[in-house]
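Enquirer: Submitted below is the structure of interest, expressed as structure tokens.
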Amino acid sequence: MKVAKGWVFFGLLAASVFWPGAASAANEIRIAVSDIGAGEQPAGGGLIDVIYRQKLLEQEFGRDGINVRWLFIKGAGPVINEGFANHQIDVAYLGDLASIIGRSRELDTQVIGAAARGINHYLAVPRGADIHQLADLKGKRVGLFRGTAAELSFLAALHSQGMKARDVKIINLDFAAASAALAAKQIDATWGGNNTLALRDKGVADIPVSTQALNGAGQLSGLIVIDGEFARRNGDILRRIINVQRHAAAWASDEKNKNGFIQLLAKQSGYPEAILREEWDGLPPLSQRLSPELDSAFKAQLQQSINTALEARLIRQPVNIDNWLNDDFLKAQ
């Protein structure tokens, strides 16, 4: 296993970031992941961390002499899409917005499975602030990591309450900068995942709104995205990747492994176990949230995300999911 952990400025794809040339399927699988960790370890969240930490893909392909190479990138969406455009990535575990943007720009990609679904996001405000619902944000300064799944999540949450992006003053800040700005009361709110819960637990923020409280509006999905050329040439490899995904989901969904699953996520992500437990130790069951199946519920959620992105002008062209999603490898098990 080889790992590269990259922090890359948007638009700068140095040769050292991606691997030059088209890797032979018999020798290497190049996997890119959005790094959402808060510590020194790379972390993709959910099953990605199980597969990575337990070396499940390495075990699956090592016996055939196929190397698995991982790249973890902070704020990865634009960089990963650039890698797909240049055929420098074979597989990516990627959030819904970046995946949708890439496809809308006619990147040759296929979605072969769900990496995650129903991932919650939260509104964090300075402790004691008079903000109790999304409507209270009108005219307020909201720190938001634009171009990431968090932006799509926030817009979907706003839309569920009859609001639009123009109703608030969005300030483009990555998660770390937004957390610091909120703690210093330089912004009125921020929208994010575990980073917002960490602010609450430090006593500097309240969490008045969550996607769960909004009946799922704004919940995120993760996709298993494949370079189209790689997919057409390497069906057996993709079938085995899905098989690994299913085995990892079965392990994590088993009640006797729940504590181990949450402890693994905490260790990998750098967030306290209590925060990970809050996200993963509730309903719906893990067997549903971690399922790789491209079922009707997942398709409907993805279509809604596409519609939201199009309405918000995050993409210029619609995306046809029937031509993008490929469940052949799920059916081949």
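If you count by mature numbering (1 follows the signal peptide of the UniProt record, and there is no 0), then the sequence shown holds residues -25 to -1, 1 to 308, one letter each, in order.
Glycine included, C-beta positions come from ideal geometry on N, C-alpha and C.
1. Among G14, G193, N56 and K233, which residue has its Cα nearest to the Cα of L277?
2. Whole angstroms is fine: what's the gap from S9's alpha carbon to A110's?
3. I'd like to check one pair, Q220 with G137: are the Cβ atoms closer than 8 Å?
4. What residues match up with Y97 in a beta bridge as DSSP calls it?
5. Contact criterion: CB-CB distance below 8 Å. Does G88 meet it with respect to chain C?
6. Measuring CA to CA, which of S266, Q34 and T165 is closest to A151?
7. Taking G178 as the reference, give the member of L258, I55, R102 and P17 with the closest Cα.
8. DSSP state of G70, grouped into three classes?
9. Give the straight-line distance between the Cα atoms of K306 and V100, rounded to the nearest whole angstrom.
10. What does the alpha-carbon distance come out to for the pair S74 and T283?
11. Just to confirm the assignment, what range does the alpha helix (DSSP H) spanning W255 have?
12. Give the secondary structure of W299 by DSSP, where H, G and I count as helix, E and B as strand, and everything else as coil.
13. Under 8 Å, do L72 and L22 count as touching if we go by C-beta distance?
14. On a Cα-Cα basis, can you pick out the residue from S228, K242, L98 and A275 that is closest to W255?
15. Kindly confirm or deny that the stretch 296 to 304 and the stretch 78 to 86 touch, where touching means at least three C-beta pairs closer than 8 Å.
16. Cα separation between Y97 and R175?
17. Just reading off the beta strand (DSSP E) that A7 is part of, what are its end residues?
18. Around the C-beta of Q243, are 16 or more other C-beta atoms found within 10 angstroms, so that it is buried, or is it exposed?
19. Assuming K242 is part of the alpha helix (DSSP H), what are its boundary residues?
20. Could you tell me the distance, in whole angstroms, from the CA atom of I182 to the CA atom of N95?
21. By alpha-carbon positions, which one of R288, G93, H222 and G235 ends up nearest to R264?
22. Helix, strand or coil, according to DSSP, for A287 in the structure here?
23. Go ahead and label Q63 buried or exposed: buried means 16 or more other beta carbons lie within 10 angstroms of its beta carbon, across all protein chains shown.
24. Quick check on Q85: does DSSP put it in helix, strand or coil?
25. Could you have a look at residue 310 and say whether DSSP puts it in helix, strand or coil?
26. Using the beta-carbon count (16 or more within 10 Å), is Q19 buried or exposed?
27. Buried or exposed: which applies to E81, given that a residue is buried once 16 or more other Cβ atoms fall within 10 Å of its Cβ?
28. By how many angstroms is the C-alpha of R38 removed from the C-alpha of L69?
Expert: Considering the structure as presented:
1. For the purposes of this step, residue 277 is taken as the residue at position 302 of the sequence shown. Of the candidates G14, G193, N56 and K233, the one whose C-alpha sits nearest the C-alpha of L277 is G193.
2. Your numbering for residue 9 matches position 34 in the sequence shown. Your numbering for residue 110 matches position 135 in the sequence shown. Distance between the alpha carbons of S9 and A110 is about 31 Å.
3. Here residue 137 corresponds to residue number 162 of the sequence shown, with the count starting at 1. Here residue 220 corresponds to residue number 245 of the sequence shown, with the count starting at 1. By the CB criterion at 8 Å, G137 and Q220 fall outside the cutoff.
4. Translated into the one-based positions of the sequence shown, residue 97 becomes position 122. Here Y97 is bridged, per DSSP, to G167 and S185.
5. Among the chains of the structure shown, chain C does not appear; only one protein chain is present.
6. Start at 1 with the first residue of the sequence shown, and residue 151 comes out as number 176. Minimum Cα-Cα distance from A151 among the listed residues S266, Q34 and T165 corresponds to T165.
7. Here residue 178 refers to the residue found at position 203 of the sequence shown. Looking at L258, I55, R102 and P17, the one whose alpha-carbon comes closest to that of G178 is R102.
8. In the sequence shown, the residue the question calls residue 70 occupies position 95. If DSSP states are grouped into helix, strand and coil, G70 belongs with the strands.
9. For the purposes of this step, residue 306 is taken as the residue at position 331 of the sequence shown. For the purposes of this step, residue 100 is taken as the residue at position 125 of the sequence shown. Between K306 and V100, the C-alpha separation is close to 45 Å.
10. Against the sequence shown, residue 74 aligns to sequence position 99. Against the sequence shown, residue 283 aligns to sequence position 308. Put simply, the backbone Cα of S74 is about 14 Å away from that of T283.
11. The residue labelled residue 255 in the question sits at position 280 within the sequence shown. For W255, the uninterrupted alpha helix (DSSP H) segment begins and ends at E248 to W255.
12. Walking along the sequence shown from the start, residue 299 turns up at place 324. In this structure, W299 counts as coil in the three-state DSSP scheme.
13. For the purposes of this step, residue 72 is taken as the residue at position 97 of the sequence shown. For the purposes of this step, residue 22 is taken as the residue at position 47 of the sequence shown. Against a cut-off of 8 Å, the Cβ pair of L22 and L72 comes out as no contact.
14. Taking the sequence shown and counting its residues from 1, the one referred to as residue 255 is at position 280. Closest by alpha carbon: S228.
15. In this structure the stretch 296 to 304 lies against the stretch 78 to 86, because at least three pairs of beta carbons, one per stretch, are closer than 8 Å.
16. For the purposes of this step, residue 97 is taken as the residue at position 122 of the sequence shown. For the purposes of this step, residue 175 is taken as the residue at position 200 of the sequence shown. If you take the alpha carbons of Y97 and R175, they lie about 11 Å apart.
17. Against the sequence shown, residue 7 aligns to sequence position 32. It spans E3 to S9 - the beta strand (DSSP E) in which A7 sits, taken as one unbroken run.
18. Looking up residue 243 in the sequence shown gives position 268. Buried is the call here.
19. The count along the sequence shown starts at 1 and reaches residue 242 at position 267. Segment K233 to S244, the alpha helix (DSSP H) holding K242.
20. In the sequence shown, residue 182 corresponds to position 207, counting from 1. In the sequence shown, residue 95 corresponds to position 120, counting from 1. For I182 and N95, the distance between alpha carbons rounds to 12 Å.
21. The residue given as residue 264 occupies position 289 in the sequence shown. Out of R288, G93, H222 and G235, G93 has the C-alpha closest to the C-alpha of R264.
22. Reading the sequence shown from its first residue, position 312 is the one you call residue 287. Coil.
23. Counted from its first residue, the sequence shown places residue 63 at position 88. Label assigned to Q63: buried.
24. If you number the sequence shown from 1, residue 85 lands on position 110. Q85 falls in the strand class under three-state DSSP.
25. Outside the displayed range of the chain (-25 to 308) lies residue 310, so it cannot be described from this structure.
26. Walking along the sequence shown from the start, residue 19 turns up at place 44. Going by the sequence as given, residue 19 is Gly instead of Gln. By the beta-carbon neighbour count (other beta carbons within 10 angstroms, threshold 16), G19 is buried.
27. Numbered from 1 along the sequence shown, position 106 holds the residue referred to as residue 81. E81 should be labelled exposed.
28. Indexing the sequence shown from 1 puts residue 69 at position 94. Indexing the sequence shown from 1 puts residue 38 at position 63. A direct Cα-to-Cα measurement between L69 and R38 gives close to 27 Å.
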